[in-house]
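Student: Here you go, one structure.
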Amino acid sequence: MDINPIILSSVVSIFALLVPVITSIVDRKTQLQLKNLDLFYKEKSDIYQRFCTSTKYLTYWIYNESDDRGLPNDKYYEIHRLAYLVSNDKVRSLLDLLTKEINLYHDDITLDINILEFNNLIDKIIKSMNEDLQNYRP
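Per numbering that gives the first Met the number 0, residue 0 is the first one in the sequence shown, and the count goes up by one each step.
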């Protein structure tokens with residue numbers, strides 16, 4: 000079976016035209032995915048930094064001498080929700096534990112807050128956030 004040289008050269012030239020186009024499409028898609036990944040990392044990092052800063056509201060809440068122990072500042076809860084959305088399972092479980100502790104102390108004002116445990120929990124959350132960022136780094 001002989002292959003016609005004209006057909007062969009036509010097929011080769013068509014592939015020669017299509018390969019760069021296909022390569023360009025795949026490359027653009029990959030670059031877009033990497034850019035989105037990098038943007039999400041930056042956003043996640045910013046949220047985690049804001050969470051670390053917002054712990055001052057918890058500190059203020061702990062040391063508030065009032066018998067009416069209201070909930071921590073709304074600014075804290077706003078960043079808490081964002082951190083919960085972007086975090087991994089380990090950080091989420093620690094954030095759940097922190098929320099449970101806050102609600103426990105809020106619901107029963109006769110309980111004394113164990114400040115050392117509370118601060119250790121916050122430190123664990125911050126360390127877990129740092130590990131999450133290091134593992135996520137693109």
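Glycine is no exception: its CB is placed at the ideal position from the N, C-alpha and C atoms.
#1: To the nearest angstrom, how far is the alpha carbon of serine 9 from that of valine 18?
#2: Does aspartate 131 pass the burial test, meaning 16 or more other C-beta atoms within 10 Å, or should it be called exposed?
#3: State whether the region 113-126 contacts the region 78-93, with contact taken as three or more CB pairs (one from each stretch) at a distance under 8 Å.
#4: Under 8 Å, do glutamate 50 and isoleucine 78 count as touching if we go by C-beta distance?
#5: Rounded to the nearest angstrom, how far is the Cβ of tyrosine 83 from that of leucine 94, given a contact under 8 Å?
#6: Express the C-alpha separation of glutamine 32 and valine 20 in angstroms, rounding to a whole number.
#7: With isoleucine 2 as the anchor, note down where its alpha helix (DSSP H) starts and where it stops.
#8: Would you identify the three-state DSSP class for asparagine 118, choosing helix, strand or coil?
#9: CA-CA distance, leucine 38 and asparagine 129?
#10: Tell me which residues share the same chain as glutamine 133 and place their Cβ nearer than 7 Å to its Cβ, disregarding the 5 neighbours each side in the sequence.
#11: Any idea if serine 222 is buried or exposed, counting beta-carbon neighbours within 10 angstroms, 16 or more meaning buried?
#12: Alpha carbons only, please: which of Asn3, Ile101, Leu103 and Val85 is nearest the one belonging to aspartate 45?
#13: Do serine 53 and lysine 28 have their beta-carbon atoms positioned less than 8 Å apart in this structure?
Tutor: Working from what's here:
#1: The sequence position of residue 9 within the sequence shown is 10, counting from 1. The sequence position of residue 18 within the sequence shown is 19, counting from 1. Roughly 14 Å separates the two Cα atoms.
#2: Here residue 131 corresponds to residue number 132 of the sequence shown, with the count starting at 1. Answer is buried; the Cβ neighbour count reaches 16.
#3: yes
#4: Within the sequence shown, numbered from 1, the residue matching residue 50 stands at position 51. Within the sequence shown, numbered from 1, the residue matching residue 78 stands at position 79. Residue 50 is actually phenylalanine in this sequence, not glutamate. Yes.
#5: For the purposes of this step, residue 83 is taken as residue 84 along the sequence shown, with counting starting at 1. For the purposes of this step, residue 94 is taken as residue 95 along the sequence shown, with counting starting at 1. Contact flag correct, Cβ pair sits at about 5 Å.
#6: Position 21 of the sequence shown, counting from 1, holds the residue named residue 20. Position 33 of the sequence shown, counting from 1, holds the residue named residue 32. Going by C-alpha positions, valine 20 is about 19 Å away from glutamine 32.
#7: The residue labelled residue 2 in the question sits at position 3 within the sequence shown. Element bounds for isoleucine 2: n/a, residue is neither H nor E.
#8: As a working mapping, residue 118 is identified with position 119 in the sequence shown. Note: asparagine 118 maps to helix in three-state DSSP.
#9: For the purposes of this step, residue 38 is identified with residue 39 of the sequence shown, where counting begins at 1. For the purposes of this step, residue 129 is identified with residue 130 of the sequence shown, where counting begins at 1. Cα to Cα, leucine 38 sits roughly 17 Å from asparagine 129.
#10: Along the sequence shown, read from residue 1 onward, the residue named residue 133 stands at position 134. Within the same chain, glutamine 133 has no close Cβ partners at all.
#11: Nothing in the structure corresponds to residue 222, since the chain is present only between 0 and 137.
#12: Position 46 of the sequence shown, counted from the first residue, corresponds to residue 45. For the residues Asn3, Ile101, Leu103 and Val85, the minimum Cα distance to aspartate 45 belongs to Val85.
#13: Counting from one through the sequence shown, the residue named residue 28 turns up at place 29. Counting from one through the sequence shown, the residue named residue 53 turns up at place 54. Cβ distance not < 8 Å, so lysine 28 and serine 53 don't count as in contact.
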